[in-house]
Amino acid sequence: MQTNEKNTAAPADGRRLYTVIIFSENTVGLLNQITIIFTRRQLNIETLSVSPSAIPGIHKFTITTYADEVMIEKVVKQIDKRVDILKSYYNTDEDLVYQEIALYKLATDKFIRMGGVEDLIRKYNARILEINEDCVVVEMNGHYEETQALFRELSDRIGVLQFIRSGRVAITRSRVERLSDMLAAIEEGMHRKGGSC
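As structure tokens, then:
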């Protein structure tokens, strides 16, 4: 379900939401080094997720933050200077396919008493993960605006006991991750020069 509502956390000063994608080896302390770069530039990290990438042995950090393009370019260049970083990129929403997951905990007695809650869940393409005597857990995948809209409607209708939203997971719209292209070019250059690691 798409909504026209904008992310309420968006600043009014012309900054926009960027997604920074960072490829690295899985190194202890690297996350701290990355977050310090954002802190020094007074950029708040809106969401953060880290997972293995499609390339074996390489991890992918996905970070969202509000900034102007000049600032985000500086941040990415500074991140790239780190030894453990293979490459980092910044993207706008138009460059990516992305989702977030949200979980909503509702009281079972209110869920049963209130009519129309199941229809509301279906309207948002959400699903019920678990029902027990105390609570109902609902899951929804979508964009920030969509998961927030369901949160508001559930809060207004029956109240939400707990709510959590994941960080953004994102992939580029291009066929392969740009890191794959960079690694292939490096490998090709080594073969042409006759060198090896």
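All you need for this note's numbering is the position in the sequence shown, starting with 1, plus 62.
No residue lacks a Cβ here, since even glycine has one placed at the ideal position from N, Cα and C.
Can you list, in chain order, the residues of its chain with a C-beta nearer than 6 Å to that of residue i? Leave out the 5 residues immediately preceding and following it.
| i | result |
| --- | --- |
| THR89 | ASP146 |
| ILE125 | VAL82, ILE107 and LEU110 |
| ASN153 | THR81 |
| HIS156 | The sequence given here places Glu at residue 156; His does not occur at that position. Here the set comprises nothing. |
What residue range does the alpha helix (DSSP H) around residue i cover?
| i | result |
| --- | --- |
| LEU79 | Element bounds for LEU79: not the alpha helix (DSSP H) but the beta strand (DSSP E), 78 to 86. |
| ARG102 | 92 to 102 |
First and last residue of the beta strand (DSSP E) that includes residue i?
| i | result |
| --- | --- |
| VAL231 | 231 to 234 |
| ILE220 | No beta strand (DSSP E) holds ILE220; DSSP gives it neither H nor E. |
Output the distance between the C-alpha atoms of residue i and residue j, rounded to the nearest integer angstrom.
| i | j | result |
| --- | --- | --- |
| ILE220 | TYR160 | 29 Å |
| GLN64 | GLY204 | Because the pLDDT of GLN64 is 36, which lies under 50, any placement of that residue in the model is unreliable, and the number read from its coordinates should be weighed accordingly. The alpha-carbon atoms of GLN64 and GLY204 are separated by roughly 9 Å. |
| THR127 | LEU168 | 30 Å |
| ASP75 | ASP130 | 9 Å |
| GLN140 | SER86 | 14 Å |
| GLY229 | ARG77 | 20 Å |
| ARG184 | MET202 | 10 Å |
| ARG214 | PHE225 | 11 Å |
| ASN194 | ARG227 | 22 Å |
| GLY91 | SER113 | 15 Å |
| THR170 | LEU223 | 11 Å |
| MET133 | LEU79 | 12 Å |
| ASP181 | GLU192 | 17 Å |
| ARG103 | LYS122 | 22 Å |
| THR101 | SER217 | 33 Å |
| LEU158 | PRO118 | 22 Å |
| CYS259 | LEU212 | Because CYS259 sits at a pLDDT of 46, beneath the cut-off of 50, its placement in the model cannot be relied upon, and the following sentence gives the value as read from the coordinates. Looking at the two C-alpha atoms, the distance is approximately 52 Å. |
| SER115 | LEU105 | 25 Å |
| LYS17 | LEU93 | Past the boundaries of the shown model lies residue 17; the chain is included only from 63 to 259, so the question cannot be answered. |
Apart from the five residues just before and just after residue i, which ones in its own chain have a Cβ nearer than 7 Å to its Cβ?
| i | result |
| --- | --- |
| ARG144 | GLN95 |
| VAL54 | Since the first residue of the chain shown is 63 and the last is 259, residue 54 is not available in this structure. |
Excluding the five sequence neighbours on either side, which residues of its own chain have a C-beta within less than 8 Å of the C-beta of residue i, listed in chain order?
| i | result |
| --- | --- |
| ASP142 | LYS149 and SER150 |
| LYS136 | ARG103 |
| ILE120 | PHE85, SER86, GLU87, PRO114, LEU148 and LEU241 |
_Across the segment 203 to 221 and the segment 160 to 176, are there enough close Cβ pairs to call them in contact, namely three or more that are closer than 8 Å?_
yes
*Note down, one range per segment and in chain order, each alpha helix (DSSP H) of at least 4 residues found wholly within the segment 115 to 184.*
131 to 142 and 170 to 175
*Taking only runs of the beta strand (DSSP E) that begin and end inside the segment 186 to 215, which ones reach a length of at least 3 residues, in chain order?*
189 to 193 and 197 to 204
_Across the segment 97 to 112 and the segment 173 to 182, are there enough close Cβ pairs to call them in contact, namely three or more that are closer than 8 Å?_
no
*Does the segment 225 to 238 touch the segment 183 to 200, meaning 3 or more C-beta pairs lie closer than 8 Å?*
no
*asked:* Across the segment 191 to 201 and the segment 147 to 156, are there enough close Cβ pairs to call them in contact, namely three or more that are closer than 8 Å?
replied: no
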